[in-house]
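For reference, the structure is listed below as structure tokens.
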Amino acid sequence: MAKTPATPPLLRVSDLHRSFGELHVLEGLDLELRSGEALALVGPNGAGKSTALRCIAGADQATSGTVELDGEPLDERSAATRRDLAVVMDDLDFFPDLSVVEHLNLLARAHRVAGADAVVDAVLADVGLEHQAAQLPGTLSSGQRRRLALASAFVRPRRLLILDEPEQRLDAAGLAWLAERLNAEKADGLGVLLVSHDAGLVEAVADWILDLGDL
Amino acid sequence: MTTVEATGARSLRRQMRAWRRDRADTTLYEQASEAYVWVFTIVLGGAMAISAMVQTRVSIASACTTSTCDDARTSLVWATVAGMVATTLAAAQAIGPVMVTPATGAWLLTTPVDRGPLLRRRLVAAAAAAAVACAAVVAVTGLLAGLGYIEIGVLSAGTALVGAGVTACAAIWQARDGRPTRIAALLLATATAVWMLLVALDVEPSTTTGWLGRPAGWVAAGVAGAAAVALIVRAAARVPRLLRAQLVPGGSLLASLSGALAGLDLSLAYDVLVARRWRDRATVRPSRGGPEGLWALVWRDVVRLRRAPGALAALVAALLVPYVVLRLDLDDTTVLASALAAFLCGLWSFSALRTTGRNPGLVRCFPMSLAEVRSATLVVPGGLLLVWSLAAAPAIGRSLDDPTVADTLFVSVATGATALAAIARWMLAPPPDYSMPLIASPTGAIPTGLIGSALRGFDIVFLGVVPMLVAPNSTGALVSLALTGSVVSYLVARRSPR
Chain Z
1 MAKTPATPPL LRVSDLHRSF GELHVLEGLD LELRSGEALA LVGPNGAGKS TALRCIAGAD
61 QATSGTVELD GEPLDERSAA TRRDLAVVMD DLDFFPDLSV VEHLNLLARA HRVAGADAVV
121 DAVLADVGLE HQAAQLPGTL SSGQRRRLAL ASAFVRPRRL LILDEPEQRL DAAGLAWLAE
181 RLNAEKADGL GVLLVSHDAG LVEAVADWIL DLGDL
Chain Y
216 MTTVEATGAR SLRRQMRAWR RDRADTTLYE QASEAYVWVF TIVLGGAMAI SAMVQTRVSI
276 ASACTTSTCD DARTSLVWAT VAGMVATTLA AAQAIGPVMV TPATGAWLLT TPVDRGPLLR
336 RRLVAAAAAA AVACAAVVAV TGLLAGLGYI EIGVLSAGTA LVGAGVTACA AIWQARDGRP
396 TRIAALLLAT ATAVWMLLVA LDVEPSTTTG WLGRPAGWVA AGVAGAAAVA LIVRAAARVP
456 RLLRAQLVPG GSLLASLSGA LAGLDLSLAY DVLVARRWRD RATVRPSRGG PEGLWALVWR
516 DVVRLRRAPG ALAALVAALL VPYVVLRLDL DDTTVLASAL AAFLCGLWSF SALRTTGRNP
576 GLVRCFPMSL AEVRSATLVV PGGLLLVWSL AAAPAIGRSL DDPTVADTLF VSVATGATAL
636 AAIARWMLAP PPDYSMPLIA SPTGAIPTGL IGSALRGFDI VFLGVVPMLV APNSTGALVS
696 LALTGSVVSY LVARRSPR
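Below, the structure is given as structure tokens:
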């Protein structure tokens with residue numbers, strides 16, 4: 001279990017269990033994450049990393065256990081939680097008829113981001129999709145779709161970033177950018193919880209590493 | 216394993232057939248049993264359908280007592296012919312019409328084998344499928360319109376030949392990426408819609424079908440046949456020159472649609488078509504700005520509508536239905552026909568509801584609840600349906616007995632609300648659940664509720680229309696509104712299965 005003293009945790013997970021029939025994927029997961037820190041869940045395939053992330057993000061329902069954000073039970077149905085939590089997982093798909101820039105613009109405006117157009121332009125440039133702004137998602141490469149998914153988290157207000165294998169389909173330059181970007185997020189006081197198979201990314205970003213294969 | 220020397224497409228096919236025979240896992244008896252079930256089902260279902268159509272033909276004939284109704288029926292037959300040819304062209308353009316599966320594209324077309332025999336078979340199959348579809352639809356329309364059986368036969372045969380001919384034509388144009396086919400389909404569809412409008416307004420030019428049973432009809436069918444053969448021969452000479460990139464996308468689309476339809480998952484087939492359409496378009500002129508919060512989602516639907524006015528055109532086409540039904544003196548079916556038309560044509564305005572309905576990850580990005588996001592995606596298309604209801608009110612009102620203004624308005628709005636609820640049910644339908652117990656059938660295991668999934672949407676149309684058929688006034692409309700309102704409220708708030 002990863003714990004640090006001092007400031008109260010942004011995210012606290014206690015005794016999290018998730019079973020599928022007789023299959024116990026998570027058995028009593030505990031973790032804490034503070035603002036400005038990154039925690040990486042690692043482990044072999046089938047260790048329960050993505051399941052843990054899904055339960056924490058509210059995309060899956062834990063069999064038992066609690067997940068708290070700022071000391072309050074995390075309920076992904078509440079608008080407040082949705083504002084604080086930026087989640088990028090494999091189930092993020094896009095509107096087939098909205099362009100790259102329109103997706104980001106829609107999210108920024110839905111979150112009432114001040115100066116939405118400027119923020120969108122900055123994020124587009126940051127993720128390297130400025131030349132694909134008018135493209136529809138169906139024409140993007142898998143790497144570009146991944147960048148758009150990550151951009152969806154960066155274009156909106158957030159306090160906790162939850163990322164499931166964000167390195168997927170990114171090239172070497174993309175990986176370096178991602179590490180830099182996540183460190184910048186930490187520096188801005190955000191919490192980052194990620195699942196990753198990329199040792200380099202984990203080493204570059206994570207303050208804490210929780211190996212679910214060891215549990 | 217039998218080994219056949221691979222020297223051409225024919226020998227390759229022979230070799231693949233030999234491999235398949237080697238791994239046959241059913242006996243001839245089992246195959247015959249399955250075939251028997253299929254034949255029995257088709258014969259039984261066909262007999263019931265034909266019986267129902269003949270009875271409907273009699274009902275329509277007895278209801279149609281005026282000359283204006285007779286004229287409308289005849290006009291609609293020709294509109295159906297034009298509409299079927301337009302549909303054939305559109306379908307041919309969407310899938311090729313000559314296409315190969317991605318596997319064939321990757322494994323056979325990359326070899327130096329002669330593509331001619333392989334592709335000519337596909338051309339003939341596409342032309343035959345078009346001919347059968349055209350003949351079937353026109354025959355049913357002719358039957359319902361009260362045409363004589365010889366006239367129906369000649370008209371069906373002629374339309375079938377025209378369908379085969381335009382498919383061959385589309386194959387010739389396939390080398391030009393189907394642009395002429397697309398334009399021809401659009402022009403013909405527009406002409407059909409205009410014709411329907413004239414019928415609805417009772418100002419269409421006079422048409423007859425009596426000549427179809429005379430030598431002139433046979434000559435016309437013969438000319439269509441000769442043209443079809445000439446076009447098919449010409450297309451057959453050209454198809455071997457088609458590029459692989461012009462052949463595989465259609466096969467890929469067809470494979471995706473087949474997969475969706477095999478599970479009777481019509482919503483998935485809709486997703487496939489929508490995704491394909493926008494992928495082909497590739498880029499758009501981005502629209503920026505707009506309101507904030509929940510209204511940002513609503514505003515995107517306005518942008519969508521501006522970008523794809525076809526959805527609006529479909530609703531306008533649906534608006535013709537109540538007026539045409541009135542012309543046919545089928546007053547009692549006006550509400551049902553209107554609700555069905557609004558349901559089927561309105562589907563294309565609700566793509567945002569569908570996208571948010573099947574993507575929990577996308578909904579999670581918004582700072583609103585699932586119900587709020589879904590409700591926002593209903594605002595613009597729901598508003599369109601309301602306008603549609605008001606525009607259909609004169610026709611719907613005339614179909615009621617001594618209606619007050621309130622009766623007309625309530626029944627019209629309830630008809631639109633029925634379509635809205637049916638679309639919401641259709642769009643938010645969960646896919647077939649293969650993790651539940653499966654039912655053994657001669658064609659393999661099928662999930663429970665599979666058949667029901669094909670009826671989704673239609674069940675809500677039935678639910679919403681029945682109160683208005685029982686009580687065609689404000690009371691029936693209010694009951695209908697209460698029922699469909701409950702359905703929409705439930706569907707909007709229902710969480711997607713995890």
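Same order as they appear, the protein sequences are chains Z and Y.
Sequential numbering from 1 applies to the first sequence in the working numbering.
Sequential numbering from 216 applies to the second sequence in the working numbering.
For every residue, glycine included, the Cβ atom is placed at its ideal position computed from N, Cα and C.
Against chain Y, with Cβ distances strictly below 8 Å, would Z/Thr139 count as a contact? The sequence position of residue 139 of chain Z within the first sequence is 139, counting from 1. Z/Thr139 counts as touching chain Y.
Here's the rule: buried if 16 or more other CB atoms are within 10 angstroms of the residue's CB, otherwise exposed. What is Y/Tyr251? Numbered from 1 along the second sequence, position 36 holds the residue referred to as residue 251 of chain Y. Under this definition Y/Tyr251 is an exposed residue.
Counting only beta-carbon atoms, is Z/Glu102 nearer than 8 Å to chain Y? As a first step, residue 102 of chain Z must be located in the first sequence, where it is residue number 102. Yes, Z/Glu102 counts as interfacial toward chain Y.
Flag Y/Glu249 as yes if its beta-carbon sits less than 8 Å from any beta-carbon of chain Z, otherwise no. For this step, residue 249 of chain Y is matched to residue 34 along the second sequence. It does not: the Cβ of Y/Glu249 has no partner Cβ on chain Z nearer than 8 Å.
Run through DSSP, which three-state label would Y/Met216 get? Locating residue 216 of chain Y in the second sequence gives position 1, where the first residue counts as 1. Confidence at Y/Met216 is low in this model, with a pLDDT of 46, below 50, so the placement of that residue should be treated as unreliable; the coordinate-derived value is given next. Y/Met216 falls in the coil class under three-state DSSP.
Tell me the residue span of the beta strand (DSSP E) that contains Z/Glu32. To locate residue 32 of chain Z, count along the first sequence from 1; it is residue 32. Start and end: Leu23 to Leu33.
Kindly identify the DSSP beta-bridge partner or partners of Z/Glu68. For this step, residue 68 of chain Z is matched to residue 68 along the first sequence. Answer is Z/Arg12 and Z/Pro73.
Taking only three categories from DSSP, how would you classify Y/Val296? The residue you call residue 296 of chain Y lines up with position 81 of the second sequence. Helix at Y/Val296.
Do Y/Thr316 and Y/Ala470 count as a contact pair if the criterion is CB distance below 8 Å? Locating residue 470 of chain Y in the second sequence gives position 255, counting from the first residue. Locating residue 316 of chain Y in the second sequence gives position 101, counting from the first residue. Yes, the Cβ-Cβ distance between Y/Ala470 and Y/Thr316 is below 8 Å.
So, do the stretch 451-467 of chain Y and the stretch 316-334 of chain Y have three or more beta carbon pairs nearer to each other than 8 Å? yes
Bridge partner(s) assigned by DSSP for Z/Arg18: Residue numbering aside, residue 18 of chain Z sits at position 18 when the first sequence is read from its first letter. Looking at the DSSP assignment, Z/Arg18 forms a beta bridge with Z/Leu26.
Among Y/Leu698, Y/Asp495 and Y/Thr242, the one whose alpha carbon lies nearest that of Y/Pro682: By one-based count along the second sequence, residue 682 of chain Y stands at place 467. Considering only alpha carbons, the answer is Y/Leu698.
Three-state secondary structure (DSSP) of Z/Leu41: Against the first sequence, residue 41 of chain Z aligns to sequence position 41. Secondary structure of Z/Leu41 (DSSP, three-state): strand.
Kindly indicate the opening and closing residues of the beta strand (DSSP E) around Y/Asp416. The residue given as residue 416 of chain Y occupies position 201 in the second sequence. The residue asked about is misnamed: residue 416 of chain Y is Leu in this sequence, not Asp. Taken as a continuous stretch (DSSP letters only), Y/Leu416 belongs to no beta strand (DSSP E), as it is neither H nor E.
Starting from the C-beta of Y/Ala708, find all residues in its chain whose C-beta is less than 7 Å away, skip the five residues before and the five after it, and write them out in chain order. Counting from 1 along the second sequence, the entry for residue 708 of chain Y is found at position 493. These residues qualify, in order along the chain: Ala586.
Look at the alpha carbon of Y/Ala301 and the alpha carbon of Y/Ala399, and state the distance between them as a whole number of angstroms. On the second sequence, position 86 is the one that residue 301 of chain Y refers to. On the second sequence, position 184 is the one that residue 399 of chain Y refers to. If you take the alpha carbons of Y/Ala301 and Y/Ala399, they lie about 8 Å apart.
Who does Z/Gly36 pair with in a DSSP beta bridge? The residue labelled residue 36 of chain Z in the question sits at position 36 within the first sequence. DSSP output for Z/Gly36 lists no bridge partner at all.
Decide if Z/Val195 is buried, meaning its Cβ has at least 16 other Cβ atoms within 10 Å, or exposed. Position 195 of the first sequence holds residue 195 of chain Z. Looking at its Cβ environment, which holds 16 or more other Cβ atoms inside 10 Å, Z/Val195 is buried.
Mind checking who Y/Thr498 pairs with in its DSSP beta bridge? Position 283 of the second sequence, counted from the start, is the residue given in the question as residue 498 of chain Y. In DSSP, Y/Thr498 forms a bridge with Z/Gln135.
Since Z/Lys191 is in the beta strand (DSSP E), which residue starts that stretch and which ends it? Reading the first sequence from its first residue, position 191 is the one you call residue 191 of chain Z. The residue you asked about is not Lys; residue 191 of chain Z is Gly in the sequence shown. That run of the beta strand (DSSP E) goes Gly191 to Val195.
Three-pair Cβ contact test at 8 Å for the stretch 159-166 of chain Z versus the stretch 79-91 of chain Z: yes
Can you list, in chain order, the residues of the stretch 494-506 of chain Y whose Cβ is nearer than 8 Å to any Cβ on chain Z? Arg494, Arg496, Ala497, Thr498, Val499, Arg500, Pro501, Ser502, Arg503, Gly504, Gly505 and Pro506
Evaluate contact between the stretch 98-106 of chain Z and the stretch 118-127 of chain Z, counting only Cβ atoms and requiring at least three cross-stretch pairs below 8 Å. yes
How is the alpha helix (DSSP H) around Y/Leu472 delimited, first residue to last? As a first step, residue 472 of chain Y must be located in the second sequence, where it is residue number 257. For Y/Leu472, the enclosing alpha helix (DSSP H) stretches over residues Arg459 to Ala477.
Alpha carbon to alpha carbon, how far is Y/Arg640 from Y/Leu653? Give it in angstroms, no decimals. To locate residue 653 of chain Y, count along the second sequence from 1; it is residue 438. To locate residue 640 of chain Y, count along the second sequence from 1; it is residue 425. In a straight line, the C-alpha of Y/Leu653 is about 23 Å away from that of Y/Arg640.
Is the beta carbon of Y/Trp493 closer than 8 Å to that of Z/Leu193? Position 193 of the first sequence, counted from the start, is the residue given in the question as residue 193 of chain Z. Position 278 of the second sequence, counted from the start, is the residue given in the question as residue 493 of chain Y. Going by C-beta atoms, Z/Leu193 is not nearer than 8 Å to Y/Trp493.
Using a Cβ cut-off of 8 Å, pull out every chain Y residue sitting near Z/Gln135, in sequence order please. As a first step, residue 135 of chain Z must be located in the first sequence, where it is residue number 135. Residues of chain Y passing the Cβ test: Ala497 and Thr498.
Under 8 Å, do Z/Leu31 and Z/Gly48 count as touching if we go by C-beta distance? As a working mapping, residue 31 of chain Z is identified with position 31 in the first sequence. As a working mapping, residue 48 of chain Z is identified with position 48 in the first sequence. No, these two residues do not count as a Cβ contact at 8 Å.
State buried or exposed for Y/Arg330, treating a residue as buried only when at least 16 other CB atoms are found within 10 Å of its CB. Position 115 of the second sequence, counted from the start, is the residue given in the question as residue 330 of chain Y. By the 10 Å Cβ count, Y/Arg330 comes out buried.
I need the boundaries of the alpha helix (DSSP H) containing Y/Asp648, first residue and last residue. Against the second sequence, residue 648 of chain Y aligns to sequence position 433. No alpha helix (DSSP H) holds Y/Asp648; DSSP gives it neither H nor E.
Report buried or exposed for Y/Arg191, applying the criterion of at least 16 other Cβ atoms within 10 angstroms of its Cβ. For chain Y, the structure presents residues 216 to 713; residue 191 of chain Y sits outside this window and is missing.
Could you tell me whether the Cβ atoms of Y/Ser553 and Y/Ala607 are closer together than 8 Å? Residue mapping note: residue 553 of chain Y aligns to position 338 of the second sequence, counting from 1. Residue mapping note: residue 607 of chain Y aligns to position 392 of the second sequence, counting from 1. Contact flag set, yes.
Taking only the alpha-carbon atoms, compute the straight-line gap between Y/Val517 and Y/Val595 and give it to the nearest angstrom. Working through the second sequence from its first residue, we reach residue 517 of chain Y at position 302. Working through the second sequence from its first residue, we reach residue 595 of chain Y at position 380. Cα to Cα, Y/Val517 sits roughly 7 Å from Y/Val595.
Can you confirm whether Y/Cys580, when its beta carbon is compared against all beta carbons of chain Z, has any partner nearer than 8 Å? The count along the second sequence starts at 1 and reaches residue 580 of chain Y at position 365. Output row for Y/Cys580: interface = yes.
To which residues of the same chain is Z/Ala38 closer than 6 Å at the C-beta, ignoring the five residues directly before and after it? Walking along the first sequence from the start, residue 38 of chain Z turns up at place 38. Only Lys186, Val192, Val205, Ala206 and Asp207 meet the Cβ criterion.
Using a Cβ-Cβ distance cut-off of 8 Å, determine whether Y/Leu577 contacts chain Z. Sequence index remark: in the second sequence, residue 577 of chain Y carries index 362 (1-based). Interface residue, yes.
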